[in-house]
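In this note's numbering, the protein residues as written are 248 to 360.
Structure, rendered in structure tokens:
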């Protein structure tokens, strides 16, 4: 379905990786989409991935795939002012770099945008 779209210039499905994902380049923007199999009949547009009912009986791989999304959603719920939260993360990242933590490592752990 995606490969027929003219906006998609690259498509890779990594089904056998530790965390399955699909990598696409859509209109020049690279996007990685993790794959998780939910044990539901249909997935509504407004699915709440934080709902424990949705996460019942999923396999370990799907649990790992959804953990990043759940963590980001939880952070967004807990930080009342996203602009201040982003500034805090930026400040924390600069501190980690100052103490010799690789920028790549700190970016992977701190980016929520």
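Beta carbons are placed, not taken as given, at the ideal position from N, Cα and C, and that holds for glycine. All values derive from a computational prediction rather than experimental measurement.
Next item on the list: Give a yes or no on whether the C-beta atoms belonging to residue 255 and residue 282 are separated by under 8 Å.
Entry: As a first step, residue 255 is located in the chain shown; it is residue number 8 there, counting from the start. As a first step, residue 282 is located in the chain shown; it is residue number 35 there, counting from the start. Taking 8 Å as the Cβ cut-off, residue 255 and residue 282 do not qualify as a contacting pair.
Next item on the list: Compute the Euclidean distance between the alpha carbons of residue 311 and residue 291, then round it to the nearest angstrom.
Entry: Counted from its first residue, the chain shown places residue 311 at position 64. Counted from its first residue, the chain shown places residue 291 at position 44. Whole-angstrom Cα-Cα distance: 21 Å.
Check: According to the Cβ coordinates, are residue 269 and residue 280 closer than 8 Å?
Finding: Here the question's residue 269 lines up with position 22 in the chain shown. Here the question's residue 280 lines up with position 33 in the chain shown. In this structure, residue 280 lies closer than 8 Å to residue 269 by Cβ.
Next item on the list: Could you work out which residue in 278, 301 and 318 is closest to residue 289 when comparing CA atoms only?
Entry: Along the chain shown, one-based indexing puts residue 289 at 42. Closest by alpha carbon: 301.
Margin query: For residue 297 and residue 305, what's the separation of their Cα atoms in angstroms?
Written below: Indexing the chain shown from 1 puts residue 297 at position 50. Indexing the chain shown from 1 puts residue 305 at position 58. Each residue's alpha carbon lies about 13 Å from the other.
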